[in-house]
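A.B. asks: Mind having a look at this structure? Questions to follow.
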Amino acid sequence: MSNVTTNFKDRTVEYEQLLESFKELLKKNNLKFTVQREVILETLYNSDAHLTPEALHHLLQDKHLDLKTGIATVYRTLALLEESGVVTSLSFGAQGKKYELGAKEHHDHLICTECGKITEFVDEEIEKRQHFITEELGFKMKDHSMQIYGTC
């Protein structure tokens, strides 16, 4: 039986490194570094959840009452972070996207089509098989994701 892991508490990128990369990304795109953008990044970094832009916006409003962060800022920042690979998203069709920090260790997802719950897992046997298959077919894999849809 394969060894399946669901603990992602250990971050592969320290926050300070991530913040510096984010500042460079903003500068490269001629955008200002703002407290709102930093709080968006920090919230994503500290969250183990897969957040919709709206859920992220509500979190920001609840945790930072004094900070005015518009939903448009959340959407623009998420788009920039996704484009640069800092965050990744899972698409839920008409329900939109849910985002997570891309700096986590590689993992796959089980997605409940009834309640929307997302369970992260790692299975080394699946990873080995994927590498074996791509080598056998002469395909150079750069990245991959697996999303298994069903009910919990």
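In this text, residue positions in the sequence shown follow the working numbering: the first is 52, and each later residue adds one.
For each residue, glycine too, the CB sits at the ideal point set by N, CA and C.
#1: With DSSP as the reference, label V90 as helix, strand or coil.
#2: By how many angstroms is the C-alpha of L188 removed from the C-alpha of E89?
#3: Look up S72 in the DSSP assignment and say whether it is helix, strand or coil.
#4: Thinking just about the alpha-carbon of each residue, which of K79, Q146, L118 is nearest to the one in P104?
#5: On the DSSP letters alone, give me the boundaries of the beta strand (DSSP E) that L129 sits inside.
#6: Taking the Cβ atom as the reference point for each residue, do E178 and H157 lie within a distance shorter than 9 angstroms?
#7: I'd like to know if the region 67–81 and the region 110–119 are in contact, where contact means that at least 3 CB-CB pairs between them fall below 8 angstroms.
#8: Going by the CB atoms, is the gap between L107 and V125 shorter than 9 angstroms?
#9: Please state whether DSSP places F183 in a helix, a strand or coil.
#10: Give me the DSSP bridge partner(s) of L161.
#11: Mind checking which residues open and close the beta strand (DSSP E) that includes L152?
C.D. replies: Answer, in terms of the structure:
#1: helix
#2: 43 angstroms
#3: If DSSP states are grouped into helix, strand and coil, S72 belongs with the helices.
#4: When only C-alpha atoms are compared, the closest one is Q146.
#5: First-last for L129: 122–134, but that is the alpha helix (DSSP H), not the beta strand (DSSP E).
#6: yes
#7: When Cβ pairs closer than 8 angstroms are counted between the two stretches, the region 67–81 is seen not to touch the region 110–119, the count staying below three.
#8: Cβ distance < 9 angstroms, so V125 and L107 count as in contact.
#9: If DSSP states are grouped into helix, strand and coil, F183 belongs with the helices.
#10: T170, I199
#11: 148–152
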